[in-house]
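Comments concern the structure below.
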Amino acid sequence: MGSGTTRWAAASLATAVLIATSACGGGSAGDRVTLRFSYWGSDVRQQRTEAAIRKFEAKYPHIDVVGEFSGFGDYYEKLTTAVASDAAPDVITIEIRGLREYAERGTLADLSGRVDTGDIDGKVLATGAIGGKQYGIPTGVNTWSLIADPKAIASAGQKPPGPTWTWEQYIDLAARITARSGGKVYGTQQAFNPAFLQIFAAQRGESFYEGSRIGVSAATIKAWWAVHRKLIDTKGSPDAAKSIELSAQNVDRSLFATGNGAMGMWWSNELGAISKAAGGKDMELLRMPRVRGAATGGMFLQPAMFYAASAKTGHQAEADAFINFMVNDPEAGAIILSDRGLPASSKVLAAVRDHLPEADKKTLAFLDEIKDELTDPPAAPPKGASAMEEVLKRYTDDVLFGRMSPDEAARKFLTEANALIAG
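Those letters in the sequence shown? Residues -25 to -1, 1 to 398, per mature numbering (1 follows the signal peptide of the UniProt record, and there is no 0), in order.
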């Protein structure tokens, strides 16, 4: 065993002793511990999480877990308010883009050696580490990818792309689908997520972040905007106004949901929700198109989210036990399935893979197929990255609506983005 495993074993033993001791003597009220656990998501996630909590409480009778659930829109506002008022939840769910900010603010506990991470891929696990301390434990993984409706493509008399294709071929295919359907089905729905730009930049040999600076060049940003613009100009996608409107909607209001789209970009763990929104259609995951001559496709695994613990929890051992249960217990995995990404623990994934919905089995097969092509997962981004999506979208809107030239927008984006994450 490595030193990390040894440390975890010692921590687990200490936790077990504490829990056993607390439970002795009839479990009086004074022995009980209440943990607060914050998370966001859909009604389905809430139902599954509450079921997992009940399973945990049955295994640890002296620990009560109170789930603090909210929609994603106001999750971080509530969390920030709780932290500022010295009332942070004991266990916190957090995304990679906010991990460094909360960790360096002193909000999160170092979980190194406190949770079993032996069955988590080392590179994925490293995304939750900052300065040699493990602040976040990955819940599960996904990848930014292209999702396609094979029947819509075939109905337009087109063939799905092969394993390697270019942005020019993507734009051309989208335009032909729209034209052949008489405009009833658009070739693709546009996406403006920073993950898309991150992949596009990697294909050009650039990183989104270089320390606390933006690593993407102005030329790459302008080339990325040119892809969006060409899709609009060739009618491969809806016009700027509709594309921007759609990008702000959930999958249940996407072009797939209305039967008017053949392709689009989402995180791979959304395949099931997209298929459901499209009336149960059999959707496919595709590799992202490439810059011509690129040495890499730029796709990467990213934790869907992390579990973290408050640095000020008065119940660290119990918080550790709860995180360990949610990440490593096959019974928890059987309840949560892929709701927080395909399980990060290989042991849990092996235990639940036959019970995954068909869409998730397809996602797993896709990730297995492309695993040797993936680049290393990016590290937790610098402080201020939580606002990057909004900043990028604002300048993208200005370019697509013609309010600003690509040259001016790229220059201003880099200035504002670098100021946002500086220091």
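Every residue gets a Cβ at the ideal spot worked out from N, C-alpha and C, and that includes glycine.
With DSSP run on the structure shown, which of helix, strand or coil describes residue i?
i, result
"W119", "strand"
"M238", "strand"
"K287", "coil"
"E259", "strand"
"E32", "helix"
"S320", "strand"
"R80", "coil"
"T338", "helix"
"G2", "Reliability of the predicted coordinates at G2 is poor, the pLDDT of 36 falling under 50, and no value is obtained from them."
"T68", "strand"
"G42", "strand"
"F281", "strand"
"F376", "coil"
"L276", "coil"
"S87", "coil"
"R11", "strand"
"T(-5)", "With a pLDDT of only 36 at T(-5), under 50, the local geometry of the prediction cannot be trusted, and no value is derived from it."
"D96", "coil"
"R315", "coil"
"T350", "strand"
"A104", "strand"
"D343", "helix"
"R328", "helix"
"I396", "helix"
"R265", "strand"
"T271", "coil"
"G247", "helix"
"P381", "helix"
"A27", "helix"
"D49", "helix"
Tell me which same chain residues have a C-beta within less than 8 Å of the C-beta of residue i, skipping the five on either side of it?
i, result
"D18", "none"
"L375", "W200, H203, R204, I207, A215, S218 and I219"
"W15", "F44, S45, G46, F47, Y50 and T68"
"P332", "G247, L312 and S313"
"R328", "K336 and L339"
"G(-1)", "Since pLDDT at G(-1) reaches only 32, below the 50 mark, its modelled position is unreliable, and no value is offered."
"E348", "R262, T271, G272 and M274"
"D61", "K287"
"I382", "Per the sequence shown, the amino acid found at residue 382 is Asp instead of Ile. If we look at D382 and ignore the five residues flanking it on each side, its Cβ neighbours are A193 and K197."
Any heavy atom of the ligand FAD inside 6 Å of the beta-carbon of residue i?
i, result
"G93", "The ligand content of the structure shown is nil, which means the ligand FAD is not present either."
Leaving out five residues on either side along the sequence, give the residues of the same chain with a beta carbon under 6 Å from the beta carbon of residue i.
i, result
"S(-4)", "Low confidence applies to S(-4): its pLDDT is 40, below 50, so where it sits in the model is not reliable, and the reading given next is rough at best. Answer for S(-4): D6 and H37, listed in chain order."
"R378", "none"
"F300", "F31 and A307"
"Q173", "F183"
"V266", "Q178 and R179"
"L100", "T92"
"E76", "K358"
For residue i versus residue j, is the C-beta spacing smaller than 7 Å?
i, j, result
"L10", "V40", "yes"
"A170", "G162", "no"
"L230", "Q164", "yes"
"T195", "A166", "no"
"S250", "A193", "no"
"A362", "G111", "no"
"V66", "F12", "yes"
"V116", "D295", "no"
"A26", "I310", "yes"
"F388", "Y370", "yes"
"A78", "V160", "no"
"G211", "I122", "no"
"D373", "A384", "yes"
"G316", "T114", "yes"
"V8", "H330", "no"
"N244", "A279", "yes"
Go through its chain and collect everything with a Cβ distance to residue i's Cβ below 7 Å, but skip five positions before and after it.
i, result
"A360", "R72 and I396"
"residue 414", "The requested residue 414 does not occur in the structure, where the chain is confined to residues -25 to 398."
"T271", "A177, Q178 and T350"
"T209", "I146 and A150"
"Q109", "D85, L86, S87 and G103"
"E391", "V366"
"A4", "Because A4 sits at a pLDDT of 43, beneath the cut-off of 50, its placement in the model cannot be relied upon, and the point is left open."
"R20", "D314"
"G2", "Any answer about G2 is weak, because its pLDDT of 36 lies below 50 and its placement is not dependable; what the coordinates show is given next. P36 and H37."
Counting Cβ pairs, one atom from each stretch, are 3 or more of them under 8 Å apart for the region 301 to 319 and the region 135 to 142?
-> no
At which residue ranges does the region 180 to 245 contain complete beta strand (DSSP E) runs of 3 or more residues, listed in the order of the chain?
-> 238 to 242
Between the region 320 to 327 and the region 93 to 103, are three or more C-beta pairs nearer than 8 Å?
-> yes
The region 69 to 83 contacting the region 344 to 356, beta-carbon criterion three pairs below 8 Å = yes
Okay, do the region 150 to 160 and the region 127 to 134 touch, 3+ Cβ pairs below 8 Å being the bar?
-> yes
Within the region 106 to 175, note down every full beta strand (DSSP E) run reaching 3 residues or more, in order along the chain.
-> 112 to 117 and 119 to 123
At least three beta-carbon pairs within less than 8 Å, the region 221 to 229 to the region 240 to 259 = yes
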